[in-house]
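Participant: Taking my numbering, I'd label the letters of the sequence shown as residues 69 to 168.
Heads up, the beta-carbon is just placed ideally off N, CA and C, and yes, glycines get one too.
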Amino acid sequence: METESKEEVKTEQVDKAADKSSDAVKTYTQEEVNEMISKRIERERKNQAEELSKAKDEANKARKLYINKRSTAKSFILKLATKEDLEKMKEYITQREKEL
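(1) In the DSSP assignment, the alpha helix (DSSP H) including N102 goes from what residue to what residue?
(2) DSSP on L146, reduced to helix/strand/coil?
(3) Alpha carbon to alpha carbon, how far is S139 from D125? Give it in angstroms, no decimals.
(4) Keeping to the same chain, check which residues put their C-beta closer than 6 Å to that of E110; ignore five residues upstream and five downstream.
Structure follows, in structure tokens:
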């Protein structure tokens, strides 16, 4: 009799554990599943786009620096340079042309 009661207790414990685990399982409608899939795809595309952008930026770092410096120089010449600055720049340009 004692062995039967022990088995019954074990069976009850297993049944209770199964009931708890089945409560934890959530079922989703097809609409919810489709929405989750869409969000995941969107997130993956965004991550891929960010990675591609980073890779392009890294590959074009020198070009980006060149364009930035050129733009800064042009802006300085056109907006801020004094007559003395422009004379000095002409000297720099002549010197650089000789180097090339």
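Facilitator: Answer, in terms of the structure:
(1) Position 34 of the sequence shown holds residue 102. Element bounds for N102: Q98 to A127.
(2) Here residue 146 refers to the residue found at position 78 of the sequence shown. Looking at L146 - three-state DSSP - the assignment turns out to be helix.
(3) The residue you call residue 125 lines up with position 57 of the sequence shown. The residue you call residue 139 lines up with position 71 of the sequence shown. Straight-line spacing of the CA atoms in D125 and S139 works out to 18 Å.
(4) The count along the sequence shown starts at 1 and reaches residue 110 at position 42. Cβ neighbours of E110 beyond the five flanking positions: none.
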